[in-house]
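In the UniProt record's numbering, the protein residues as written are 1 to 115.
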C-alpha cells in the first residue's frame, strides 16, 4: 500500500521526508533562478547524500501557493506537482512509512495532509 502526503506551501524551499533528519527518503529542493529554475532531488542515508537528480521542468512561481502530492511505496516516490507534472524518484531507503518531515526556508505552510 502506498503512503500519500499532501503539502500546500507558499514560496517553497528545501525540505525532506524520511525516517529522521539523518535518513531522508526524499530531499526536494526547487531552486529559483530568474525566469527559469531547477528542481534538485536526492536522498540521504546515515548523513551521506546519495546521487543527486536534477529536473529543469519548473512548475513554480515565487509567492504563489503550491500543492504537492507525494506518493511512495518501498520502491518508488512519485511527486505530483502543479501543471499536471509528475516526477518519479527511487525509494533508495525502502521506507514504506515516513516518520519525519522537514521544511526550511522562506515559506508559509498552509496545510499538510496524510492519507
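Ideal Cβ positions, reconstructed from N, Cα and C, are used throughout, including at glycine.
* Roughly how many angstroms lie between the CA atoms of residue 87 and residue 50, to the nearest whole one? -> Distance from the CA atom of residue 87 to the CA atom of residue 50, rounded to whole angstroms, is 17 Å.
* Asked: When DSSP labels each residue in this structure, what does residue 91 get in the three-state scheme?
  -> Secondary structure of residue 91 (DSSP, three-state): coil.
* Asked: Looking only at C-alpha atoms, which of 24, 61 and 20 sits nearest to residue 30?
  -> Checked all of 24, 61 and 20; the closest Cα to residue 30 is 61.
* To do: Reducing DSSP to helix, strand and coil, say where residue 114 ends up.
  => Under the three-state reduction of DSSP, residue 114 is assigned to strand.
* Environment of residue 74 [buried if 16+ CB atoms lie within 10 Å] -> Result: exposed.
* **Local Cβ density within 10 Å of residue 52, reported as buried at 16 or more and exposed below that** => Burial call: exposed.
* Between the CA atoms of residue 84 and residue 27 - distance to the nearest angstrom -> Going from the Cα of residue 27 to the Cα of residue 84 covers about 21 Å.
* Cβ of residue 17 within 8 Å of Cβ of residue 70? -> It is a contact, given that the beta carbons lie within the stated cut-off.
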